[in-house]
Amino acid sequence: MLCKVFLVEDEIVTREGIRDSIDWEGAGLRLCGEAPDGELALSMVEAEIPDILITDIKMPFMDGLELSRIVRARLPQTRIVILSGHDEFRYAQQAIQLGVTDYLLKPVGAQELLDVLTRIRSQIDDERRQQERLQTLQQQVKENAGVLRQQFLLDLVT
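Residue numbering for the sequence shown follows the working numbering, starting at 39 and increasing by one per position.
Listed below in structure tokens is the structure:
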């Protein structure tokens, strides 16, 4: 299953560069949407429910930190990658407090971003497999509850 990625970047050249330089399907990813600012992105992100949100930190209308704060509250399973042209500790500190998955400084190379996205996708895949195993085990317990109860009662009697 492909991981859905949403991209928010106000610089059109950067947004198009990211969009066009990554082999999304080859990496097990699908670019499900893009927007030039956080305000436009928010409703689209809520509709798409991406696995990964890539957002610039400084944008007009709603910056990446505010978008991250809202997405973290409404879609806690969505991983967030912040792109920043600012090598300032306070931005990184705020991002960490928001629980973002990664913080990359611009200009970010396609391979560097792809490596981060691949690592996150691998984590998501692992979590999905664990969830599937848990659901399978829960279903097996549910299906065998009667037999287990009967065996327990027999063990009590004998």
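Glycine is no exception: its CB is placed at the ideal position from the N, C-alpha and C atoms.
For E150, the enclosing alpha helix (DSSP H) stretches over residues A148 to V195.
A direct Cα-to-Cα measurement between L113 and V179 gives close to 30 Å. In this structure, DSSP gives D101 a state outside helix and strand, which the three-state scheme calls coil.
D94 sits in a strand when the DSSP states are folded into three classes. Secondary structure at G66: coil, using DSSP grouped into helix, strand and coil. From the listed residues S59, G66, L78 and Q177, the smallest Cα separation to R157 is found for G66. Taking C-beta atoms as the reference points, I162 and L121 fail to come closer than 8 Å.
For V43, the secondary structure class from DSSP, reduced to helix, strand or coil, is strand.
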